[in-house]
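What follows is one structure encoded as C-alpha cells, with my remarks underneath.
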Ligand SMILES: C[S@@+](CC[C@H](N)C(=O)[O-])C[C@H]1O[C@@H](n2cnc3c(N)ncnc32)[C@H](O)[C@@H]1O
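Residue numbers (the working numbering): 3 to 310.
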C-alpha cells in the first residue's frame, strides 16, 4: 500500500484537485456543496454562540476549512503537502497553516481544539498512519470538543447496485471503508461516533443522467429517509471523546431537536444485505423524483437539503 503522505505533494496534483476534481458544475463540487450545508448545520447545532477553536487536519487546499474558519475564533490547518497548503493560503488567509505530519511530529500541535475536521483522509490513509493520526487528534481534542470527519467511499453504500463494478472493489476490499471499520479506528483513538449522516446517495453516473436540479431533489428525498442514513456513498461522522469509563457524554442537542442517534455498527454481511435493499429503494425514490417536483418542505424540515 502506498504512503498516503506522498499522494498530494506535486503542485500539478494540487492544481488538479481544485480545478478539475472540484470544477464548477461537476459532481464533486455538488457533493462539496452538500458537505458545506451539513457542516454549517453541525456548527449551528453544537457551537450556536460560543467562540470555538478549530483545526482542520489534512486540510489540503482549504476546501473544508474555508466553510468553517470564518465562524471560528481561531483556525489552524495541517497538511504534509506544501503544494496543497500554498493553495489553502488564498482561501483562508487568516488561518494558521502548519506543514507537517502530526503522527511523526506530535509537537506540531501544542494546543487543543473545540472542533476538529478531517475530510477525505480516513479511507485512503494506510491503517498505521490512520491509527497514529487519529490517536493524536483524540489527544488534541478538548474534553467537550467534537471531531467531524467523513468516509468519502462508504463500502456498503446504495451505489453498489447502480454501479456493479463497485461490487468487485468490495470483494477486493480496496478504496472503501465500512462504517464499522471507521468506528473501530475512532474508538481506538478514544473517540465515539455520536451521529452518522449519509449523503451523496445520488451516484456520479445518476447525477450525470439526471442533471443537477433533479439530482438535488432525489438527494433531498433520500436524505429524508432515516433508515438509509448508513448507506450514503459518503458518511459524515460526528465524534466526541469517550469519557474515562468508556461511556458516552451527555447529549448537547437543543430542546426540540430530534435526539442524536448513535452509530449502530452493523455486521458487514448484514450491512451488505441492507445496502442491496437500500439501493433498490434508492432507485425507486430517485425515479419518482424525475417529475421535477420539489420534495415537500414539511418532510425536509430541519434538513440541510432545504435550499436557503
Ligand atoms: C484528498 S486530500 C483532502 C483535502 C481536504 N481535507 C479536502 O477534503 O478537500 C488529502 C490530503 O491529506 C493530506 N495528507 C495525507 N497524509 C497526511 C498526513 N499524515 N498528515 C497531514 N496531511 C496528510 C494530503 O497531503 C492531502 O492534502
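No residue lacks a Cβ here, since even glycine has one placed at the ideal position from N, Cα and C.
Relative to the C-alpha of residue 36, which residue among 242, 235, 128 and 244 is closest? 235
Identified DSSP bridge partners for residue 156: 179
What's the call for residue 192, buried or exposed, on a 16-neighbour Cβ count within 10 Å? buried
Quick one: Cα of residue 146 to Cα of residue 238, how far? 19 Å
For a test of your reading of the model: does the CB of residue 187 fall under 7 Å from any non-hydrogen atom of ligand 1? Yes or no. no
Since I believe residue 34 is in contact with residue 24 (beta carbons under 8 Å), could you give me their beta-carbon distance rounded to a whole number of angstroms? 6 Å
Report the residue from 57, 70, 200 and 180 whose alpha carbon sits nearest the alpha carbon of residue 41. 70
Touching by the beta-carbon criterion (3+ pairs, under 8 Å), the stretch 150-160 and the stretch 208-217: no
May I ask you to list the residues that DSSP assigns as paired with residue 56? 77 and 117
Candidates 194, 38, 218 and 87: which alpha carbon is nearest residue 63's? 87
Just how far apart, CA to CA, sit residue 242 and residue 195? 7 Å
Cβ atoms of residue 110 and residue 80: under 8 Å apart, would you say? yes
Beta strand (DSSP E) segments (min. 3 residues) lying fully within the stretch 173-241: 193-201
Determine the closest residue to residue 66 out of 97, 129 and 53, with distance taken between C-alpha atoms. 97
Using 7 Å as the cut-off, classify the Cβ of residue 10 as near or not near the heavy atoms of ligand 1, replying yes or no. yes
Quick one: residues in its chain with C-beta nearer than 8 Å to the C-beta of residue 122, no 5 flanking neighbours on either side, listed in chain order? 60, 62, 152 and 154
If you draw a straight line from the alpha carbon of residue 125 to that of residue 177, how long is it in whole angstroms? 7 Å
So, helix, strand or coil for residue 146, using DSSP? strand
Compute every distance between the C-beta of residue 121 and the non-hydrogen atoms of ligand 2, then say whether any falls below 7 Å. This structure lacks ligand 2; the ligands present are ligand 1.
Decide if residue 140 is buried, meaning its Cβ has at least 16 other Cβ atoms within 10 Å, or exposed. buried
Would you say the beta carbon of residue 62 comes nearer than 7 Å to a heavy atom of ligand 1? yes
Within 10 Å of its beta-carbon, does residue 186 have 16 or more other beta-carbons around it, so buried, or fewer, so exposed? exposed
Mind checking who residue 101 pairs with in its DSSP beta bridge? 81
Note down, in chain order, each residue of its chain lying with its Cβ closer than 8 Å to the Cβ of residue 204, except the 5 sequence neighbours on either side. 212, 217, 220, 221, 224 and 288
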